[in-house]
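Participant: Quick one: the structure is below, and I'll ask about it shortly.
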Amino acid sequence: MWQILLAISIFSLSKLSNAQQQPKVAPPQITNFLAEDKVAPEEVKFRDTDVWQLVLPCRATGSNPLKWVWKHNNAEINKNKFIFDRDWELLSDGTLRARGLNISDRGTYQCFVEDTVTKVSTFSRKLRVEVTAVGDFKSHKDFTSSVKLGEPLNVECPPRGPSFGVTFAWTSKKARSIQFPISNRVAIDPSTGNLHIMYITEEDVSTFNDLEGIRCTISAANTFYSSGALTLQIIPGKEIKLSSPSFTSSTSSPNENAVEGRRKDLYCEATARPPPKLVWKKNGVELKSGIDFIEIPEAFEGRLLSITSVKESLHETTFTCEASNNQTIASGPAQQNFVLNVEVAPRWASKPPDSLKEIPISSNGNLSCDVYAQPEPEIKWYRDGREITQSSSKVEVSGSKLLFKDTTLDEAGIYQCSAENVHGMIVSSTYVKVLAIAPSFKNGFGPFYLFQDSEGRLKCDPEAAPRPSTFKWFDENGAEIKSGNGYTIEEDGTLVITKVERSQHAGKFSCYAKNFLGNATAEGTATVYDRTRIVRGPSDLSVNEGTRVDLRCEAVADSSLELHYTWKRDDATIEYNRRVQWLKDQNVLTIADLTVEDAGIYTCVAYTPQPKYSEAKASAIVNIAGAPFPPTNLMLSSECQNRNTTLSWVTGESNNASILYFLIERKSQYADDFWQVIANVTNPNATSHPLVKLAGNADLAFRIRAVNRFGPSRPSEPTGSFCRTIRAVPEKWPDNFRGVPGKAEELTIAWTAMRRVEWNGPGLYYKLWYRRVNSGDALVEVRREASSDSFVVPDAGYYRQWEFQIQAINEVGEGPKSPLVKQFSGQDPPTGKPEDVTVGTITARSVELSWKKVTFTRGSVDGYRIYFWGESRVSAKRRRRAIPGYASVTNVTGVNTERYTVTGLKPYTNYKFVITAYNSGGNGPESDQVAADTDEAEPGPPSDVQVFVFAKYILVTWQPPSEPNGVITNYRVGTETYTGSQPTDVTVNMEETGVEARRKLLRDLVPETNYVVEMQAATSKGWGTSFRKTEKTVAWAAPAKPEKPIVEGTAVDEVRVDYKFGLGGGYTHDFLVMFRKKIEGQEFQNTSWVDHFQQQSIIIGNLDPELYQFKTVARNDYPSQENPQESPASDITEARPRPGISNVGKRVSTPIYQSAWFIALLVLIALLLLVLLTFVLYTRHQGAKYLVGKREKKRAAALIDREHFDEEEGSFSNNGRADHPPPYPSQGSLPRGADSDRDSLDDYGEGPQFNEDGSFIEEYGDEKKAPPEEKDPSSLATFV
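Quick note, the sequence shown lines up with residues -19 to -1, 1 to 1261 if you use mature numbering (1 follows the signal peptide of the UniProt record, and there is no 0).
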């Protein structure tokens, strides 16, 4: 009963709120707060009143007026402080700012925001602030230290007040600017200021006296304090000359704590004579500056090791300071160990709770506060700003989780999780909305696309909260569909049809959905299409390298849908190119010149596009002969939780060539990832390999290839189970980090955006720092999103040098910083051009050039660009005036370079060369063009070589080399058997063919034997690169069925028939042609046998002008010369003799367009048209010639005004002539063009002028007759 009452009340509330979420007004949410603590030295300075040193934003949104409260070290900052202290302000948007700070202002700051109407509040994390401050010395009294010459001196910097971010120096009593210098013998502890001199010398005593003593000076934030002066009193004694290193007391203890993400300094001092050399090591490996956040400043002579950003994974280990000099004993250098324990401020282990959580009413939900910290943090949960101290029946606190049970509208609000330890605090904020919505299909329902004989799925997904408890389906007749008899209704309401039948399932379907707030019904139409099927798929193949394979794939789909194909190799989509092509009209994927990398599983996918998607697949394995078979049974030793695992496998067959090594490849679930080699296992007998430091936050799969001397195997099947890794910090900075100068005063910092698998965790972004070199400015920091790949430096200046650095950061932490990269900003191109360009030594493939360097007064010249292009000397054309678009270019760096040899040229080619100076702004002017002819060289291999294999013969055809490298003088070709050896090791005896030959028949071969075919071309320089191919002759047999012959009419009563042999049998010795008229009942006639060795075509004469059918038959010496077996007849080709009059006087039908009467008729029509045109032009001209005198001049002037006269070109412009033609077109004037070599009466004043027919233009005056009405220009006919 109570459930019904609850439902009624909730339904009423939901109706009042239009069935939307509660509460009615949005609670306050903080939208802008600092992401990082302000703990860097000099970031917040004390006593500085010129600027606001502390600015803490706390911008928030809310439906009602908001109230802000700030706490300092957990105590509320009294509002009177903002009234009476002018150095503290609370702005209207919640920003807290202060200046003139003291050391007491350091600590934590936290912002609280409250809705003044609902009293709902929220809060920020605690932000740690350090104030850079200098404490004065408690005493300024001078003091003296007694010491013997040769002994060490240790002096403490006197006591002083609290300080932060300070630096220490020992300075002269006379002048603070004169410092007692640090050296390999003198050290100043950077954290305490204590002075250590390894051994006192007479020089030290003299320096102290000259400086009148030295004082410990502490400085920061433009403030300096100095202690009393130290003077030395020398005690007589024997000076110690030599000693081995020993360590003094250090401010760093043997066990040190550090906080991840913050700076940590380790300091060691050693004393010895002579001064020792200090080396820092981590786990026995020497450390270098700039790697893994390590810095060893030279100013401290190796005593200081700074970790700029501590990482638990990198730095929680043992660091060793080693000291050695020439007195070091045989046992080795002195050592001091520091064990670094890294503690971690709270951070999100995976991700923070979502900012919005929607929970359907009466449902369950949870929020997770998954935090990592060392030491363990204290976790607290808050609702609307108030701590949840105990669980209720609806909201339960369970450690780091908050559980919602049977949620009602009252549970809506702002929920926050705080996690805090001694190093920091993080806070989440989640707006929990409770949804109460009756089912609605306002987002649509259907249509549905089903496929015959396939599974069909009809979704019923209404908007509803809670999710509907009842789903019902009905057919178009209103009958309810229940699970069973080929139907299944899943829990989410989806109707599954086991096997679709068009007759049963095409039509309308209805879905009814209900929750306790209401119900809704929607109707949609289902259309049934024929499913996509592959009717002919590819077959498995094992082929030789260098051959060609054709993989056929033919499918059928519904006739109303468009059918598409795509091919994959090892699940990667194939990109088509010149070598790999999809022949759409033949349904064949063809791959030419196979390599071992082409081996793999090829899958044809036939599909119809979305939304009517249906697909079918068929696969085939392509193996390359000689390459090994892939390993099998891949297994992982663990699920990779710690980013480590071991991959094991079973080695496949080696294919009679020993395996050399294995390649392990990895791929993740991310769309931008691909199979990438991550390990090379050099042990050929290995069956497992450890995989460490895998990509974080990824589901990884692995596969492996075996490699022998022929190449790699096709990939193995991927590992069956995914290797799921935990989140980690990025382990790299973006690749290709560089500066790109643009136009003058422009500079872009660019990089390659990191692929998703390289993030190692969610929430990746980049931090970028930049500044002008030697400017003294601090590095400017900007933040860029993960997809960005560039940043434009503002106000880059003209040719100014900048330095910049980048770092990748994700939700887990920071990755390594890149080294500093330097680049100049943009400039203008050079203004000068290289002079006196000359050609030096020339070879077949190189030309030496020299020139005079370009001088400049502003910016730089970075080098020279040599543009060159060539044409074969056989077909060289005239000199060009500009650099063509296809020209090659070589960059020669260095402004002082004046000589360079261009290599990689083609032999026997006429080259042109142009040189320009260049810089980041572009190219300068071009030099004068010079030319050079390269020498001849040996040619490349012949092109378009085809090898046709028979039983006792191999036919080779070819075309001239695509790289002749000179004038081809000869060819040679030959073949040789090989057994068990590499084809490249076989020596082939070749026979010269002469330069005109394009085919060669290799005879007297052995059937079913492996042969190497080789051929070469030659120039005057010798024989060129060989073409080699391995083939196997076929079994001895009769010729295969010939291809259809090619037939061409050569005369009115004869044809030429070209014989085309077929492949797969023996070579053709003889052939004959069978022919007949294409008339029913006609019998074939045979020609005599033709010797195929001597000729490949035959002329057949005495034919009638009819359509004939032709086919060919072949034979050879199989099974014997006395009784040869004929091949099957070829397919038929139809043709007729050439049309015309035969030599026996019989008339042959001729096409109408070749008939004499038709041609004569066309000539007559053309003459009539010409006469008519002449008459029309003449009669129109007679009426125009009397319109003369002043009126004509006036009209001419108007035309001149209308048509602007171009004095330079000597003609009127034609602008607007089509729209406004002159009313009286002149038939007597020649068109004015750009040519100035013509005569014109315009050059001779205004005397009498003649028209075309010989009449004077001014023969009659204007006054005698008024001009007729001007006609509409559009009515005048124009003949062209």
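A virtual CB, placed ideally from N, CA and C, is assigned to each residue, including glycine.
In this text, all values refer to a predicted model and were calculated from it rather than measured experimentally.
1. Label A280 either buried or exposed according to how many other C-beta atoms from any shown protein chain fall within 10 Å of its C-beta, with 16 as the threshold for buried.
2. Under 8 Å, do I787 and Y747 count as touching if we go by C-beta distance?
3. Quick check on the DSSP output: the alpha helix (DSSP H) that includes V593 runs from which residue to which?
4. By Cβ distance below 7 Å, which residues in the same chain neighbour A41 in space, the five residues on each side in sequence not counted?
5. Tell me A676's beta-bridge partners as DSSP assigns them.
6. Can you tell me the Cα-Cα spacing of V323 and E111, whole angstroms?
7. Applying the criterion that 16 or more other CB atoms from any shown protein chain within 10 Å of the CB defines a buried residue, is residue 1274 buried or exposed?
8. Round the Cβ separation of C704 and E620 to the nearest angstrom and send it over; I've been treating them as touching at under 8 Å.
9. Looking only at DSSP bridge pairs, what is C492 linked to?
10. When you compare only the Cα positions, how much space is there between E1240 and T1155?
11. For Q485 and A393, I'd like the C-alpha separation in whole angstroms.
12. Applying the 10 Å Cβ sphere with the 16-neighbour rule, what's the burial state of N877?
13. Measure the beta-carbon distance from I823 to T915 and round it to whole angstroms, keeping in mind my assumption that it falls under 8 Å.
14. Could you pull out every unbroken beta strand (DSSP E) segment of at least 3 residues lying fully inside the segment 1050 to 1080, listed in chain order?
15. Quick check: what's the CA-CA separation for P942 versus T819?
16. If G955 sits next to N970, beta carbons under 8 Å apart, how far is it from one beta carbon to the other, in whole angstroms?
17. Out of R624, T729 and W69, which one is the CA nearest neighbour of F772?
18. Taking 8 Å as the cut-off, does the segment 225 to 241 touch the segment 290 to 304 (at least 3 CB pairs, one atom from each stretch)?
19. N1036 bridges to which residues according to DSSP?
20. Is it true that the segment 1029 to 1040 meets the segment 993 to 1010, where meeting means three or more beta-carbon pairs spaced less than 8 Å apart?
21. Is it the case that the Cβ atoms of G174 and F145 are separated by a distance below 8 Å?
22. Tell me W563's beta-bridge partners as DSSP assigns them.
23. Report yes or no: do the segment 91 to 107 and the segment 180 to 194 share at least 3 C-beta pairs separated by less than 8 Å?
24. What's the C-alpha gap between R690 and L644?
25. Which residue comes first and which comes last in the alpha helix (DSSP H) that contains V186?
26. Taking only the alpha-carbon atoms, compute the straight-line gap between G692 and V530 and give it to the nearest angstrom.
27. On the DSSP letters alone, give me the boundaries of the beta strand (DSSP E) that Q371 sits inside.
28. Kindly give me the distance between the Cβ atoms of E726 and G778, rounded to whole angstroms, as I take these residues to be in contact under 8 Å.
29. Note down the Cα distance separating S520 from V710, rounded to an integer number of angstroms.
30. Three-state secondary structure (DSSP) at L1142?
31. From this set, A660, L760, C92 and I949, which residue's C-alpha is nearest G1003's C-alpha?
32. The alpha helix (DSSP H) that contains L295, what's its start and end?
33. Let me know if P1202 comes out buried or exposed under the rule of 16 or more other beta-carbons within 10 Å of its beta-carbon.
34. So what's Y1159 in DSSP terms, helix, strand or just coil?
35. So, for G474: in the same chain, excluding its five sequence neighbours on each side, which residues have a beta-carbon less than 6 Å away from its beta-carbon?
36. Going by beta carbon distance, what residues of the same chain come within less than 6 Å of F161, once the five residues before and after it are set aside?
Facilitator: The short version:
1. Your numbering for residue 280 matches position 299 in the sequence shown. So A280 counts as exposed.
2. Position 806 of the sequence shown, counted from the first residue, corresponds to residue 787. Position 766 of the sequence shown, counted from the first residue, corresponds to residue 747. It is a contact, given that the beta carbons lie within the stated cut-off.
3. As a first step, residue 593 is located in the sequence shown; it is residue number 612 there, counting from the start. Residue identity check: residue 593 is Lys in the sequence provided, not Val. Where K593 is concerned, there is no enclosing alpha helix (DSSP H), given that its DSSP letter is neither H nor E.
4. Locating residue 41 in the sequence shown gives position 60, where the first residue counts as 1. Taken in chain order, the residues that qualify are P9, Q10, I11, T12, L47, G75 and V94.
5. Locating residue 676 in the sequence shown gives position 695, where the first residue counts as 1. DSSP lists no partner for A676.
6. Position 342 of the sequence shown, counted from the first residue, corresponds to residue 323. Position 130 of the sequence shown, counted from the first residue, corresponds to residue 111. Roughly 21 Å separates the two Cα atoms.
7. This structure leaves residue 1274 out entirely; the chain is present only between -19 and 1261.
8. Translated into positions along the sequence shown, residue 704 becomes position 723. Translated into positions along the sequence shown, residue 620 becomes position 639. About 7 Å separates the Cβ atoms of C704 and E620, confirming a contact at the 8 Å cut-off.
9. On the sequence shown, residue 492 is found 511 positions in, with the first residue counted as 1. In the DSSP output, where bridge partners are listed per residue, C492 has W454 and A503.
10. Position 1259 of the sequence shown, counted from the start, is the residue given in the question as residue 1240. Position 1174 of the sequence shown, counted from the start, is the residue given in the question as residue 1155. Reliability fails at E1240, whose pLDDT of 37 lies under 50, so the model's placement of it is uncertain and the value that follows must be treated cautiously. Using only the alpha carbons, I get a separation of about 25 Å.
11. Against the sequence shown, residue 485 aligns to sequence position 504. Against the sequence shown, residue 393 aligns to sequence position 412. Distance between the alpha carbons of Q485 and A393 is about 48 Å.
12. The count along the sequence shown starts at 1 and reaches residue 877 at position 896. Counting other Cβ atoms within 10 Å of its Cβ, N877 stays below 16 and is therefore classed as exposed.
13. In the sequence shown, the residue the question calls residue 823 occupies position 842. In the sequence shown, the residue the question calls residue 915 occupies position 934. Indeed they touch by this definition, with Cβ atoms about 6 Å apart.
14. 1051 to 1058
15. Translated into the one-based positions of the sequence shown, residue 942 becomes position 961. Translated into the one-based positions of the sequence shown, residue 819 becomes position 838. Taking the straight line from one Cα to the other gives about 32 Å.
16. The residue given as residue 955 occupies position 974 in the sequence shown. The residue given as residue 970 occupies position 989 in the sequence shown. With a Cβ gap of about 5 Å, G955 and N970 count as contacting.
17. Translated into the one-based positions of the sequence shown, residue 772 becomes position 791. Of the listed residues, the one whose Cα sits closest to F772 is T729.
18. yes
19. As a first step, residue 1036 is located in the sequence shown; it is residue number 1055 there, counting from the start. Reading off the sequence shown, one finds Val at residue 1036, where the question assumed Asn. DSSP lists G1030 and I1081 as partners of V1036.
20. In short, these stretches do not touch, since the Cβ pair count stays below three.
21. For the purposes of this step, residue 174 is taken as the residue at position 193 of the sequence shown. For the purposes of this step, residue 145 is taken as the residue at position 164 of the sequence shown. No, the Cβ-Cβ distance between G174 and F145 is not below 8 Å.
22. For this step, residue 563 is matched to residue 582 along the sequence shown. Looking at the DSSP assignment, W563 forms a beta bridge with L570.
23. no
24. Taking the sequence shown and counting its residues from 1, the one referred to as residue 690 is at position 709. Taking the sequence shown and counting its residues from 1, the one referred to as residue 644 is at position 663. Using only the alpha carbons, I get a separation of about 14 Å.
25. Counting from one through the sequence shown, the residue named residue 186 turns up at place 205. Its alpha helix (DSSP H) spans residues E183 to L192.
26. Taking the sequence shown and counting its residues from 1, one reaches residue 692 at position 711. Taking the sequence shown and counting its residues from 1, one reaches residue 530 at position 549. Approximately 18 Å between the Cα atoms of the pair.
27. Taking the first residue of the sequence shown as 1, we reach residue 371 at position 390. Q371 -> no beta strand (DSSP E), and no H or E assigned at all.
28. What you label residue 726 is simply residue 745 of the sequence shown in a count that begins at 1. What you label residue 778 is simply residue 797 of the sequence shown in a count that begins at 1. So it is a contact: roughly 6 Å between Cβ atoms.
29. The sequence position of residue 520 within the sequence shown is 539, counting from 1. The sequence position of residue 710 within the sequence shown is 729, counting from 1. Rounded to the nearest angstrom, the two C-alpha atoms are 47 Å apart.
30. For the purposes of this step, residue 1142 is identified with residue 1161 of the sequence shown, where counting begins at 1. L1142 falls in the helix class under three-state DSSP.
31. Residue 1003 sits at position 1022 when you count from the first residue of the sequence shown. The shortest Cα separation from G1003 among A660, L760, C92 and I949 belongs to I949.
32. The count along the sequence shown starts at 1 and reaches residue 295 at position 314. Its alpha helix (DSSP H) spans residues E293 to H296.
33. As a working note, residue 1202 is residue 1221 in the sequence shown. Residue placement at P1202 is flagged as unreliable, the pLDDT there being 37, under the threshold of 50; the coordinate-derived value follows with that caveat. Per the 10 Å Cβ criterion, exposed.
34. Position 1178 of the sequence shown, counting from 1, holds the residue named residue 1159. In this structure, Y1159 counts as helix in the three-state DSSP scheme.
35. In the sequence shown, the residue the question calls residue 474 occupies position 493. Cβ within range, chain order: C441 and F452.
36. As a first step, residue 161 is located in the sequence shown; it is residue number 180 there, counting from the start. So the qualifying residues of the chain are W151 and I195.
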